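Participant: My structure is below; once you've seen it, I'll send some questions.
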Amino acid sequence: MKKFLIAVGLLVALGLMAGCAKEAPEEAVDPIEQAWTDFRAEYGEAETTEAKIPLVEAFIREHPDTDYAGRLAGAVAYYQGHEMEDPEGAYALLGETLAKNTDPDARFQIGMAMFPLAMELGESMDLGAVADELAGARELDFGEMIDVADTAVAHDQWEIGAKWAEAAMTKATPDAYATDYPDDDYTEAELVSRADRRKGMALADLGWALFNLDRTEEAMATFEQAVPIKTVNYVGAADTPLDLYRGKAMLATGDAAKAMEILAPSAIMGSDHDAASAVREAYIAAKGNDDGFDEWTWSERIALAKPVDTFTLADYEGNDQDFSALSDGKVTLLAFWFPT
Amino acid sequence: MELPRLQPLFETYKDQGFSVVVVDGKADTERAVKFIEKHGLTYTALENGEGDAEIAKGIFNVRGYPTSFLIDREGRVMYSHLGFEAGDEEHIAKEIESLL
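Chains as they are written, first to last, in this note's numbering: chain A, 899 to 1238; chain B, 2 to 101.
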């Protein structure tokens, strides 16, 4: 769920940046384009979530039947629904916007933003219909397919999850990747690696959906296919939910020791709260109670910890800085970010 | 990314031997400098390298932003954190305290 929200946050940022890159038209200015340009400028100046929400709401209410309304749907769900903890308000606004919007792409974006809010509020909503409506207008791209699959399995919609994860698999080949990015000059190895990354995302969702549809053997075989192409960060934490889903599946089939081993890197070296709960559950299943859990966690952490590779990078005054000198003898938080 | 959320953590623990180093993964210098000035961030900020010298993906295999790593006094990476949402400060503060 958390990774899903981060992904939404990222899409919100990218969607708005894409809008920023549009060039101002030289001829007569379309009033909607002008409103969007004005909105962009004001939004960029707003420093807090509280300041951003009314701007988004005003734009979306004024221009509900535009593709921009679709582009802002994620921002409504993320800022109003999640950060400001007003899911009712966000759900209502998106629902009103959807009723007035006729653009297939925008309707999909609005529907995808609404669905998790609907689930949170106990409203009924058909995620499959959201995806099928867009599929009636045009083929979904990989990102949209995996978004539907991720959202489905995060909300126990197993059949929809399996269907769209399988669809996403058809786009997880080097050829499909090259077709999606015809202007980029990737080497064969780069295409394979990008296709594998797509495959890893799709297989994790597919395995978990199949497991929950009681197709256990197929699920385990699907997970096994994903293991060799799994990518992890510097300390072994996975960047897809593969370890979480596979670990939970192992636990459910009674192999608690294997579940602990699979879940440990994401639970202990990463910030996946679901993996952290699952590894505790696996520990209790293996040992009978949680005695010694904290000590076990610490010993796993020491075992999985890795000495940091130093590096030299320039600061914004152009001076080279050596990381080992900056962090020497200190507890250091090293954060990779990008400005939005 | 709510990078300004790191500033209070830095202020709270810096006198106990805690430092913060941030690297702009996209190497968008103009935006980064503007952002850092606007939010009054006082910890160390670096530009990412390019090509083979790119640090985010090249060494740390960062795939999602923001990603943070917590390194102990002996230079061991002890924890990684994806995202930085409201409420994450508390969790990260606990991890920092366990290492100080």
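For every residue, glycine included, the Cβ atom is placed at its ideal position computed from N, Cα and C. None of the values given here were measured: they were computed from a predicted structure.
1) Closer than 8 Å by C-beta to LEU1202 (chain A): which residues in its own chain qualify, once you throw out the five before and the five after it? Chain order, please.
2) Are the C-beta of GLY18 (chain B) and some C-beta of chain A separated by less than 7 Å?
3) Using the beta-carbon count (16 or more within 10 Å), is SER20 (chain B) buried or exposed?
4) Give a yes or no on whether 7 Å exceeds the smallest Cβ distance from ARG6 (chain B) to chain A.
5) Decide if VAL1125 (chain A) is buried, meaning its Cβ has at least 16 other Cβ atoms within 10 Å, or exposed.
6) By Cβ distance below 6 Å, which residues in the same chain neighbour LEU1149 (chain A) in space, the five residues on each side in sequence not counted?
7) From ALA1184 (chain A) to ASP1082 (chain A), what does the alpha carbon distance come to, in whole angstroms?
8) Should LEU1224 (chain A) be flagged as near chain B, meaning a C-beta pair shorter than 7 Å?
9) How many Å lie between HIS92 (chain B) and THR947 (chain A) at the Cα?
10) Nearest-angstrom Cα distance between GLU90 (chain B) and VAL22 (chain B)?
11) Please list the partners that TRP1235 (chain A) has in chain B, where partner means a Cβ-to-Cβ separation under 7 Å.
12) Among B:LYS15, B:GLU48, B:GLY18, B:VAL78, which residue has its Cα nearest to the Cα of ARG32 (chain B)?
13) At the 7 Å Cβ level, is MET1067 (chain A) part of the contact set with chain B, yes or no?
14) Using a Cβ-Cβ cut-off of 7 Å (strictly less than) and excluding sequence neighbours within five positions of ALA919 (chain A), which residues of its own chain qualify?
15) With a threshold of 7 Å between beta carbons, is GLU51 (chain B) in contact with chain A?
16) For chain B, find out if any of its Cβ atoms is closer than 7 Å to the Cβ of ALA919 (chain A); answer yes or no.
17) Could you check where the beta strand (DSSP E) with GLU22 (chain B) kicks off and where it finishes?
18) May I ask you to list the residues that DSSP assigns as paired with TRP1235 (chain A)?
19) Can you list the residues of chain B that THR1129 (chain A) reaches, using a CB-CB cut of under 8 Å?
20) Starting from the beta carbon of PRO1205 (chain A), find every residue of chain B whose beta carbon is closer than 7 Å, and list them in chain order.
21) Where does ASP1084 (chain A) sit, in a helix, a strand or coil, going by DSSP?
22) Does the Cβ of ARG1144 (chain A) have 16 or more other Cβ atoms within 10 Å, making it buried, or fewer, making it exposed?
23) Mind pulling the chain B residues with CB within less than 8 Å of LYS1228 (chain A)?
24) Does the region 1087-1102 of chain A come close enough to the region 33-47 of chain B to have 3 or more Cβ pairs within less than 8 Å?
25) To the nearest angstrom, how far is the alpha carbon of GLY1059 (chain A) from that of GLY968 (chain A)?
26) Looking at the unbroken beta strand (DSSP E) that takes in PHE70 (chain B), where does it start and where does it end?
27) From GLN978 (chain A) to TYR989 (chain A), what distance separates their C-alpha atoms?
28) Out of A:PHE1221, A:ASP1213, A:GLU1215, point me to the one whose CA is closest to ASP1207 (chain A)'s CA.
29) Using a C-beta cutoff of 7 Å, does LEU47 (chain B) count as contacting chain A?
30) Any residues in the region 1152-1186 of chain A with a beta carbon nearer than 9 Å to a beta carbon of chain B? Which ones, in chain order?
31) Apart from the five residues on each side of it in sequence, which residues of its chain come closer than 6 Å, Cβ to Cβ, to THR1195 (chain A)?
32) Please name the residue in A:LEU992, A:GLU1031, A:ALA1033 whose C-alpha comes closest to that of LEU1015 (chain A).
33) If you draw a straight line from the alpha carbon of THR1077 (chain A) to that of VAL1028 (chain A), how long is it in whole angstroms?
34) DSSP state of ALA1212 (chain A), grouped into three classes?
35) Label GLU51 (chain B) either buried or exposed according to how many other C-beta atoms from any shown protein chain fall within 10 Å of its C-beta, with 16 as the threshold for buried.
36) Of the choices B:GLU12, B:VAL24, B:GLN8, B:LEU100, whose alpha-carbon is the least far from that of ILE56 (chain B)?
Facilitator: Well, looking at it:
1) Position 304 of the first sequence, counted from the start, is the residue given in the question as residue 1202 (chain A). In its chain, beyond the 5 residues on either side, VAL1133, GLY1134, ALA1162, PRO1163, ILE1166, MET1167 have a beta carbon closer than 8 Å to the beta carbon of LEU1202 (chain A).
2) As a working mapping, residue 18 (chain B) is identified with position 17 in the second sequence. Yes, GLY18 (chain B) lies at the interface with chain A (some Cβ there is under 7 Å from its Cβ).
3) As a position in the second sequence, residue 20 (chain B) is number 19, starting the count at 1. So SER20 (chain B) counts as buried.
4) Start at 1 with the first residue of the second sequence, and residue 6 (chain B) comes out as number 5. Output row for ARG6 (chain B): interface = no.
5) Locating residue 1125 (chain A) in the first sequence gives position 227, counting from the first residue. Exposed: under 16 other Cβ atoms inside 10 Å.
6) As a working mapping, residue 1149 (chain A) is identified with position 251 in the first sequence. Hits under 6 Å: ALA1157, ALA1180.
7) Along the first sequence, one-based indexing puts residue 1184 (chain A) at 286. Along the first sequence, one-based indexing puts residue 1082 (chain A) at 184. The alpha-carbon atoms of ALA1184 (chain A) and ASP1082 (chain A) are separated by roughly 50 Å.
8) Taking the first residue of the first sequence as position 1, residue 1224 (chain A) is located at position 326. Against chain B, the CB of LEU1224 (chain A) has a partner CB under 7 Å away; the residue lies at that interface.
9) Counting from one through the second sequence, the residue named residue 92 (chain B) turns up at place 91. Counting from one through the first sequence, the residue named residue 947 (chain A) turns up at place 49. The straight-line gap from Cα to Cα measures roughly 21 Å.
10) The residue given as residue 90 (chain B) occupies position 89 in the second sequence. The residue given as residue 22 (chain B) occupies position 21 in the second sequence. Each residue's Cα considered, the two are about 16 Å apart.
11) In the first sequence, the residue the question calls residue 1235 (chain A) occupies position 337. Those are MET2, LEU4, VAL23, ASP25, GLY26, TYR66, PRO67, listed as they occur along chain B.
12) Translated into the one-based positions of the second sequence, residue 32 (chain B) becomes position 31. Ranking B:LYS15, B:GLU48, B:GLY18, B:VAL78 by Cα distance to ARG32 (chain B) puts B:GLU48 first.
13) Within the first sequence, numbered from 1, the residue matching residue 1067 (chain A) stands at position 169. Chain B contact via Cβ: absent.
14) For this step, residue 919 (chain A) is matched to residue 21 along the first sequence. Here ALA919 (chain A) scores only 45 on pLDDT, less than 50, and its place in the model is too uncertain to base an answer on.
15) As a position in the second sequence, residue 51 (chain B) is number 50, starting the count at 1. Interface with chain A (7 Å Cβ-Cβ cutoff): GLU51 (chain B) is excluded.
16) Reading the first sequence from its first residue, position 21 is the one you call residue 919 (chain A). Below a pLDDT of 50, predicted positions are generally treated as unreliable, and ALA919 (chain A), at 45, falls in that range; the measurement from the model is reported next regardless. False, the Cβ-Cβ gap to chain B never drops below 7 Å.
17) Here residue 22 (chain B) refers to the residue found at position 21 of the second sequence. A small fix is needed here, since residue 22 (chain B) is Val in this sequence, not Glu. Membership of VAL22 (chain B) in the beta strand (DSSP E) is indicated by the continuous run 19-25.
18) Position 337 of the first sequence, counted from the start, is the residue given in the question as residue 1235 (chain A). Answer is B:ASP25.
19) For the purposes of this step, residue 1129 (chain A) is taken as residue 231 along the first sequence, with counting starting at 1. Under the 8 Å cutoff, chain B gives ASN62, ARG64.
20) In the first sequence, residue 1205 (chain A) corresponds to position 307, counting from 1. Within chain B, the residues near PRO1205 (chain A) are GLY76, ARG77.
21) By 1-based counting over the first sequence, the position of residue 1084 (chain A) is 186. Residue identity differs from the one stated: residue 1084 (chain A) is Tyr in this sequence, not Asp. It is coil, neither helix nor strand.
22) Within the first sequence, residue 1144 (chain A) is the residue found at index 246, counting from 1. Classification for ARG1144 (chain A): buried.
23) The residue given as residue 1228 (chain A) occupies position 330 in the first sequence. The contacting residues are GLY18, PHE19, SER20, ARG74.
24) The count of Cβ pairs closer than 8 Å, one atom from the region 1087-1102 of chain A and one from the region 33-47 of chain B, stays below three, leaving the stretches out of contact.
25) Against the first sequence, residue 1059 (chain A) aligns to sequence position 161. Against the first sequence, residue 968 (chain A) aligns to sequence position 70. Straight-line Cα distance between these residues: approximately 23 Å.
26) Mapped onto the second sequence, residue 70 (chain B) falls at position 69. Element bounds for PHE70 (chain B): 68-72.
27) For the purposes of this step, residue 978 (chain A) is taken as residue 80 along the first sequence, with counting starting at 1. For the purposes of this step, residue 989 (chain A) is taken as residue 91 along the first sequence, with counting starting at 1. Straight-line Cα distance between these residues: approximately 9 Å.
28) Translated into positions along the first sequence, residue 1207 (chain A) becomes position 309. Of A:PHE1221, A:ASP1213, A:GLU1215, the residue nearest in Cα terms is A:PHE1221.
29) As a first step, residue 47 (chain B) is located in the second sequence; it is residue number 46 there, counting from the start. Yes, LEU47 (chain B) lies at the interface with chain A (some Cβ there is under 7 Å from its Cβ).
30) Correct list: ILE1166, MET1167, GLY1168, SER1169, ASP1170, HIS1171.
31) Here the question's residue 1195 (chain A) lines up with position 297 in the first sequence. ILE1166.
32) The residue labelled residue 1015 (chain A) in the question sits at position 117 within the first sequence. When only C-alpha atoms are compared, the closest one is A:LEU992.
33) On the first sequence, residue 1077 (chain A) is found 179 positions in, with the first residue counted as 1. On the first sequence, residue 1028 (chain A) is found 130 positions in, with the first residue counted as 1. So the two alpha carbons sit approximately 25 Å from each other.
34) Position 314 of the first sequence, counted from the first residue, corresponds to residue 1212 (chain A). ALA1212 (chain A): strand per DSSP, three-state reduction.
35) Taking the second sequence and counting its residues from 1, the one referred to as residue 51 (chain B) is at position 50. By the neighbour-count rule (16 or more Cβ atoms within 10 Å), GLU51 (chain B) is not buried but exposed.
36) Locating residue 56 (chain B) in the second sequence gives position 55, counting from the first residue. Nearest of B:GLU12, B:VAL24, B:GLN8, B:LEU100 to ILE56 (chain B), Cα basis: B:VAL24.
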